[in-house]
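Working notes, structure below.
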Amino acid sequence: LNEHLVAAWVAMRDHQPALRPLLDWYMENDSKEFYYEVRSAAPTSLIERAARFFYLNGVSWNHLWRENSRTGAMNAPWGDRRFKGFDDATMATIGKVLSRADIVAADFRDVLKTASDGDFVYLDPPYLPIFSQPDTEKEPTAKFNKYTAKTFEAVDLIELADICAELSQRGVKWIMSNRDTESVHELFPDTEIIKFTTHRSLAAQSRREVEAHRSPEAIIIGRG
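Numbered continuously in this note's numbering, the sequence shown closes out at residue 258.
Printed below as a string of structure tokens:
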């Protein structure tokens with residue numbers, strides 16, 4: 035759950051006149067030093083949080099938004115790129131599309147309760163670790179991909195699988211992205227699973243420690 039992302043889209047939908055000058059200010063002041071100054075700040079207003087999110091996400095390494103698990107502070111390193119912002123036409127198009135959307139920061143359990151017959155749901159939970167088994171009584175052998183301070187554990191994926199089965203029973207169509215593992219196939223038995231391989235870049239403790247690898251992934255299609 036990334037509340038900063040939600041604030042960004044709400045501001046883009048409802049507050050573009052106030053958001054535009056802040057985005058322009060970030061473009062004018064953009065630098066490596068400025069990035070780390072902005073990263074260490076903690077604005078409270080929705081508009082300032084939104085502009086900060088767009089800037090940090092646009093300039094960070096690999097466009098990554100990652101938070102410290104203890105403090106919740108954004109900690110992705112600078113990405114050695116310039117902030118391009120948004121032109122007026124792009125902002126207008128985004129605002130028009132978002133004007134038809136309800137944007138909320140809520141637990142997936144609460145949001146999925148509102149889905150009904152004929153709805154379509156796209157799910158993109160933290161990916162299951164390649165070597166873990168989703169067991170509620172023991173720790174997985176690797177950590178879930180984690181980008182915010184709030185955790186998503188094996189028990190949450192098991193519950194999400196149960197909810198997806200309920201969605202299908204209610205006539206809700208859904209698609210999920212995840213890792214292609216044996217556990218995923220076991221958790222989602224009555225679905226269509228399309229397997230593919232993509233390339234991911236992993237950074238360890240710094241931008242210098244980057245390793246490109248092939249990642250087995252899957253698109254899971256519910257039979258709603």
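Yeah, the Cβ is synthetic: ideal placement off N, Cα and C, and Gly gets one too.
- For the 8 Å CB-CB criterion, ILE128 and VAL40 do not form a contact.
- Our two residues, VAL131 and GLN50, have alpha carbons roughly 13 Å apart in a direct line.
- For GLU193, the closest C-alpha among the options ASN212, GLU216, LEU221 is that of LEU221.
- Following the DSSP letters along the chain, one finds ASN212 in no alpha helix (DSSP H) but inside the beta strand (DSSP E) bounded by residues 207 to 213.
- Your pair TRP99 and MET108 checks out as a contact, with CB atoms roughly 7 Å apart and the cut at 8 Å.
- Around the CB of SER217, 16 or more other CB atoms lie within 10 Å, so the residue is classed as buried.
- Around the beta carbon of GLY152, fewer than 16 other beta carbons sit within 10 angstroms, so the residue counts as exposed.
- Our two residues, PRO250 and ALA140, have alpha carbons roughly 29 Å apart in a direct line.
- Taking C-beta atoms under 8 Å as the contact rule, PHE117 and TYR70 fail to qualify, at a distance of about 14 Å.
- A check of alpha carbon separations from LYS229 across MET210, ILE253, ARG248 identifies ILE253 as the nearest.
- In its chain, beyond the 5 residues on either side, ALA42, LEU57 have a beta carbon closer than 7 Å to the beta carbon of PHE88.
- Using a Cβ distance threshold of 8 Å, THR225 and GLY205 do not count as a contacting pair.
- In this structure, VAL155 lies near LEU201, with their beta-carbon atoms less than 8 Å apart.
- Within the stretch 94 to 143, complete alpha helix (DSSP H) segments of at least 4 residues are found at 122 to 132, given in chain order.
- Counted as a single uninterrupted DSSP element, the beta strand (DSSP E) harbouring PHE154 occupies residues 154 to 157.
- Approximately 13 Å separates the beta-carbon atoms of ARG213 and LEU157; this is outside 8 Å, ruling out the contact.
- As the crow flies, the alpha-carbon of ALA126 is around 29 Å from that of TRP208.
- Here PRO160 is not near PHE142, since their CB atoms are 8 Å or more apart.
- Here ALA85 is buried. Its C-beta has 16 or more other C-beta atoms within 10 Å.
- In the DSSP secondary-structure assignment, ARG73 is not bridged to any residue.
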